[in-house]
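Written below as structure tokens is the structure these notes are about.
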Amino acid sequence: MEPKITTIERKLIIGKKLEMSLTKQLTPMLWKSFLPIISQIQNRNSNELISFSVYPTDYFQSFDPNTKFEKWAGVEVTNVADLLPETESFEIVSGMYAEFIYKGLPSEAGPFYHSIFMEWLPNSGYQLDNRPHFEVMGDKYKNDDPNSEEMVYIPIIVR
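Residue numbers (our numbering): 5 to 163.
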């Protein structure tokens, strides 16, 4: 599992967020509330969907699956004017990311993420940076399909 190391330019996102934990996953509910309004969002710059997580600063140092974090369902836009009342904006700042391809069902992604954080990262010469982790679901993404594909971005800095 060798990722592509890339620098991501800032991304302006319009979406919805929920606070959750790994033990109290609300991601399906979040997307179910967001998908019906996507077509009303102005200034979209692609048809891709973006899922991202904003973790507390010490989330990975003292990992506990009950610790809460913000999960977002969103789309990238060129500007954040004309927000719908039920949406918010967020800026993912520019920075270095490890880009992985995940193929499969979301419910089976546990071993994939485990190998990133427990195998690849400790041996990589990089460490996690305190920026959002995100996934881009483009043309190859098929919800609940074992052949689905999405891009996974983990924020890193050189050790």
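Quick reminder that beta carbons are idealized off the backbone N, C-alpha and C, glycines included.
Same chain, Cβ closer than 7 Å to residue i, neighbours up to 5 away in sequence not counted
i           : result
residue 83  : 16 and 47
residue 113 : 106
residue 26  : 69
residue 44  : 88
Identity of the residues DSSP links to residue i by a beta bridge
i           : result
residue 159 : 101
residue 85  : The partner list for residue 85 (beta bridge, DSSP) is empty, contrary to what the question assumes.
residue 141 : 53
residue 10  : 101
Close beta carbons around residue i, own chain, < 6 Å, minus the five adjacent residues each side
i           : result
residue 7   : 102, 103 and 104
residue 142 : 52
residue 152 : 145 and 146
Residue j beta carbon less than 7 Å from that of residue i
i           : j           : result
residue 18  : residue 93  : yes
residue 138 : residue 56  : yes
residue 41  : residue 140 : no
Beta carbon proximity, residue i to chain B, threshold 7 Å
i          : result
residue 10 : Absence of chain B from the displayed structure is noted, only one protein chain being present.
Contacting residues, own chain, Cβ-Cβ under 8 Å from residue i (five flanking each side not counted)
i           : result
residue 133 : 99, 100, 159, 160 and 161
residue 13  : 98
residue 20  : 34, 37, 38, 76, 77, 78, 90, 91 and 92
Please list the segments of the beta strand (DSSP E) lying wholly inside the region 29-77, counting only runs of 3 or more residues, in order along the chain.
53-58
Using 8 Å as the cut-off, can you tell me whether the region 71-81 makes contact with the region 119-135, which would need three or more C-beta pairs spanning the two stretches below that distance?
no
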